[in-house]
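Read the structure below first, then the notes.
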Amino acid sequence: MASMLSSVIFPPPPSLIISVMSVVSLVAIAGLGISEILGKHLQYSKFWNLSSAKSSRKQIKLSSRTGMLVFYVPALLSGVASFVLYPNHDPRLFLVKAALTIHFFKRTIEVMFVHRYSTSGVVLDSAILISCSYFSATSSMIYGQYLTQGFPEPKVDLKYPGVLLFLVGIIGNLYHHLVLASLRTESDKEYKIPRDGLFGLVICPHYLFEVLGFIGIFFISQTLYPLCFTLGTIVYLMGRSYATRRWYISKFEDFPKDVKALVPYVF
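Residue numbers (numbering that gives the first Met the number 0): 0 to 266.
Quick look at the structure:
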């Protein structure tokens with residue numbers, strides 16, 4: 000296993016911070032996914048108020064649009080700033096900076112102009128946690144990539160397959176967000192069962208394509224931190240999609256039971 004990894008990823012960078020952040024990112028994000036399966040949710044979207052009754056502390060609620068901008072804008076700014084902080088022409092570093100900036104720019108545009116929101120919201124604590132996670136991930140991925148300058152390239156070059164996978168991920172994610180938006184008018188705040196696209200196979204195809212996008216970023220980067228972040232994200236989105244499917248089953252009697260959570264025909 001170690002020899003296989005050494006052929007596809009750079010050696011760990013000479014940075015204790017990046018090494019520690021890699022482990023913390025994997026454990027923390029995967030832990031959030033397990034919590035989702037166990038019913039303890041990050042409080043946004045349809046799960047925004049499920050835990051509020053159990054808490055004696057008054058929680059601050061943001062609107063969905065404001066909360067999601069808090070999620071993504073700091074990471075977007077980190078990506079934009081990286082072009083100033085690390086102004087070199089290394090193609091792999093440039094592609095990592097570009098992919099992360101495009102990803103969070105797309106998410107910000109979707110929040111502002113694509114998504115149609117229900118009456119749910121985002122609890123401030125969850126917004127801050129997610130925002131810090133995305134910001135630290137973006138900054139750490141780019142800095143970790145910068146530290147590889149001068150290192151020998153991995154034996155297996157995955158950066159261009161990674162670009163292709165990243166593009167498939169963001170296009171598929173955008174398409175399924177548009178499908179979700181088409182289910183609701185400005186005055187319609189109710190949830191409906193989506194059926195177009197891959198929604199006939201899984202209830203969260205937008206998460207599936209988000210996973211593909213982050214795998215693409217890891218392929219472009221081929222460094223330790225994106226590998227750990229991507230593995231943690233896969234576990235988290237598995238947990239979140241599992242909880243989402245369970246929510247749909249509880250809310251809609253006619254929810255098709257053969258529709259999986261995240262991976263068609265499998266999970």
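Positions of the beta carbon are idealized from the N, C-alpha and C atoms, including for glycine.
Remember, predicted model here, so these are calculated numbers, not experimental data.
If residue 36 sits next to residue 260, beta carbons under 8 Å apart, how far is it from one beta carbon to the other, in whole angstroms?
Residue 36 to residue 260, Cβ: 10 Å. No contact.
Beta-carbon contacts of residue 164 that lie in its chain and below 7 Å, excluding the five residues immediately before and after:
The residues are 211, 214, 215, 218.
Flag this pair as touching only if the stretch 187-203 and the stretch 102-113 have three or more C-beta atom pairs under 8 Å; answer yes or no.
No: the two stretches stay apart, fewer than three of their Cβ pairs being nearer than 8 Å.
Could you spell out the range, first to last residue, of the beta strand (DSSP E) harbouring residue 122?
120-122 is the span of the beta strand (DSSP E), which, as asked, contains residue 122.
Taking the beta strand (DSSP E) that residue 60 falls in, what are its first and last residues?
Unbroken beta strand (DSSP E) run through residue 60: 60-62.
Considering only residues of the same chain and omitting the five flanking positions on each side of residue 341, which have a CB-CB separation below 8 Å?
No answer is possible for residue 341: it lies beyond the span of the chain, which begins at 0 and ends at 266.
Rounded to a whole number of angstroms, what is the C-alpha to C-alpha distance between residue 41 and residue 122?
Cα atoms of residue 41 and residue 122: separation of roughly 8 Å, rounded to the nearest angstrom.
Cutoff 6 Å; reference residue 81; Cβ partners in own chain excluding five residues on either side
Excluding residues up to 5 positions away in sequence, 96, 141 lie with their Cβ nearer than 6 Å to the Cβ of residue 81 in the same chain.
Which same chain residues, not among the five before or five after residue 51, have their C-beta less than 8 Å away from its C-beta?
Note that residue 51 has pLDDT 46, beneath the 50 cutoff, so the model's placement of it is unreliable and no number is given.
Min CB distance residue 109 to chain D below 8 Å:
Structure shown: chain D not included; a single protein chain is present.
Straight-line gap, residue 104 to residue 73 (C-alpha atoms, nearest Å):
When rounded, the distance between both Cα atoms is 11 Å.
Go through the stretch 85-137 residue by residue and report every complete run of the alpha helix (DSSP H) that reaches 4 residues or more, in order.
With a minimum length of 4 residues, the continuous alpha helix (DSSP H) runs that stay inside the stretch 85-137 are 90-112.
Since residue 107 contacts residue 68 with CB under 8 Å, what's their CB separation in whole angstroms?
Yes, they are in contact, since the Cβ atoms of residue 107 and residue 68 sit about 7 Å apart, within 8 Å.
Residue interval of the alpha helix (DSSP H) (run including residue 8):
Looking at the DSSP string, residue 8 is not in any alpha helix (DSSP H), and its letter there is neither H nor E.
Is it the case that the Cβ atoms of residue 222 and residue 137 are separated by a distance below 8 Å?
Not closer than 8 Å, so no.
Reference residue 230; option with closest CA among 15, 27, 12:
Nearest C-alpha to residue 230: 27.
According to DSSP, is residue 256 part of a helix, a strand, or is it coil?
Residue 256 falls in the coil class under three-state DSSP.
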